[in-house]
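Residue numbers (my numbering): 5 to 383.
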């Protein structure tokens, strides 16, 4: 990544620092150069280093909360490369003896500075690229280094926690984990597992609900297929796109603006807030995903809903093959949904396969988390 503002190359770092200072974000520039302050009080310090994605920061905050419940004596630090206040604040509410801030780049002086200031007992890399200078220097100084949802590190570390078999194979080939945990995806822990009846209670009895998710560029073709189908008169369609603000005006009722009024058959709803995922997944008879992140996939499976997908989702999650037919054209999706609507009992039975897979993964993750927390406790 030649223009990585958090890498080891000099010019991208200097350019990012200048831009941050000019735009009133000096704190981010100072953090990038390793000018962090450890939380006051005494006790060993554990540093969780996340990256620039929402998923990384969310997972880091979840792990931080879990570690706090296990180790009341430790000071905890969570750093990130992009701030997601909504993800952090609600997960760390009521916690003490912790610090938050922008993390360091991988310039040697910045790495030396942050390690000298924090003096961490442990460093946990959370769903972020492993920075060579930081990992090497931390290992040299005897810091316990763990890689959680992170690819193989440049030098051996104490333990690695891969999220799937593909990542686990990469770690086995690299041979750089003192202990390699069973692959398990922690995103399954973040999914809402209880069915929510909010949406289903506001539609006429017997009206099926379907959900389509995909890139914004693919929506026009799906919209045309939907409007040409009898389902457009007898069912309700929920739509979510990536990026989430890309759906043209006038084509939908946004769930974020819905006032809980009754919904008639034929209504088109825009799922413009991920907070609605659990309710839509619980209410839908069928969901088609044209690509999706892990959070959305696990939420759909947790909702016990019949799932279909495109080839990109099947490629990313090979284990979906027996439970999600691959449908590449909008007309195929419509035909599949019509078949589901004609056989709702069979559809629910097929959906149970996905829900069982969700619970299997969640139980596996819980076992991995217990071992992870015990390792941190034993430091």
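Ideal Cβ placement from N, Cα and C applies to all residues, glycine included.
{"Check": "Between the alpha carbons of residue 365 and residue 359, how many angstroms are there, rounded?", "Outcome": "10 Å"}
{"Check": "Please confirm whether residue 128 and residue 164 have their CB atoms less than 9 Å apart.", "Outcome": "no"}
{"Check": "Taking 9 Å as the cut-off, decide whether the C-beta atoms of residue 193 and residue 130 are in contact.", "Outcome": "no"}
{"Check": "Please determine if the region 67 to 82 and the region 139 to 150 are in contact, where contact requires at least 3 C-beta pairs separated by less than 8 Å.", "Outcome": "no"}
{"Check": "Quick one: any contact between the region 214 to 229 and the region 281 to 299, if contact means 3 or more CB pairs under 8 Å?", "Outcome": "yes"}
{"Check": "Quick check: the region 52 to 69 against the region 30 to 42, are there 3 or more CB pairs under 8 Å?", "Outcome": "no"}
{"Check": "With DSSP as the reference, please indicate the residues paired to residue 330 in a beta bridge.", "Outcome": "313"}
{"Check": "So if DSSP puts residue 83 in a beta bridge, which residue, or which two residues, is it bridged to?", "Outcome": "53 and 105"}
{"Check": "Quick one: is residue 53 buried, meaning 16 or more other Cβ sit within 10 Å of its Cβ, or exposed?", "Outcome": "buried"}
{"Check": "Just curious, the beta strand (DSSP E) that residue 159 is in, first and last residue?", "Outcome": "Run containing residue 159: none; DSSP gives neither H nor E here."}
{"Check": "Taking just the CA atoms, how far does residue 338 sit from residue 225?", "Outcome": "12 Å"}
{"Check": "How is residue 214 classed by DSSP in three states: helix, strand or coil?", "Outcome": "strand"}
{"Check": "Indicate the three-state DSSP secondary structure (helix, strand or coil) for residue 152 in the structure shown.", "Outcome": "strand"}
{"Check": "From the DSSP output, in three-state form, read off residue 186 for me.", "Outcome": "coil"}
{"Check": "Mind checking whether residue 95 and residue 108 have CB atoms under 9 Å apart?", "Outcome": "no"}
{"Check": "Excluding the five sequence neighbours on either side, which residues of its own chain have a C-beta within less than 6 Å of the C-beta of residue 195, listed in chain order?", "Outcome": "302, 303 and 306"}
{"Check": "Mapping the DSSP letters down to three states, classify residue 292 as helix, strand or coil.", "Outcome": "strand"}
{"Check": "According to the neighbour-count rule (16 or more other Cβ atoms, all chains shown, within 10 Å of its Cβ), is residue 97 buried or exposed?", "Outcome": "exposed"}
{"Check": "Is it the case that the Cβ atoms of residue 290 and residue 238 are separated by a distance below 9 Å?", "Outcome": "no"}
{"Check": "My assumption, with CB atoms under 8 Å, is that residue 281 sits in contact with residue 300. Please give the rounded CB distance.", "Outcome": "6 Å"}
{"Check": "Distance check for residue 135 and residue 5, CA to CA, integer angstroms please.", "Outcome": "Here the model assigns residue 5 a pLDDT of 45, short of 50, so the residue's position is not dependable and the matter cannot be decided."}
{"Check": "Let's see if you can read the secondary structure: which residues bound the alpha helix (DSSP H) around residue 15?", "Outcome": "14 to 26"}
{"Check": "Would you decide whether residue 181 is buried or exposed? Buried here means 16 or more other CB atoms lie within 10 Å of its CB.", "Outcome": "buried"}
{"Check": "Is DSSP giving residue 34 helix, strand or coil here?", "Outcome": "helix"}
{"Check": "In three-state terms, what does DSSP make of residue 69?", "Outcome": "helix"}
{"Check": "Check residue 5 in the structure and name its three-state DSSP category.", "Outcome": "Unreliable positioning characterises residue 5 in this predicted model, as indicated by a pLDDT of 45, which lies under 50. The coordinate reading is nonetheless provided below. Three-state result, residue 5: coil."}
{"Check": "Give the DSSP-derived three-state secondary structure of residue 76 in the structure shown.", "Outcome": "coil"}
{"Check": "Beta-carbon separation of residue 16 and residue 24 under 9 Å?", "Outcome": "no"}
{"Check": "Any idea which residues DSSP pairs residue 128 with across the strands?", "Outcome": "52 and 150"}
{"Check": "Let me confirm a value: residue 100 is counted as buried when at least 16 other C-beta atoms fall within 10 Å, else exposed. Which label applies?", "Outcome": "exposed"}
{"Check": "Use the C-beta contact count for residue 4: other C-beta atoms within 10 angstroms, 16 or more gives buried, fewer gives exposed.", "Outcome": "This structure cannot settle anything about residue 4, because the visible part of the chain is limited to 5 through 383."}
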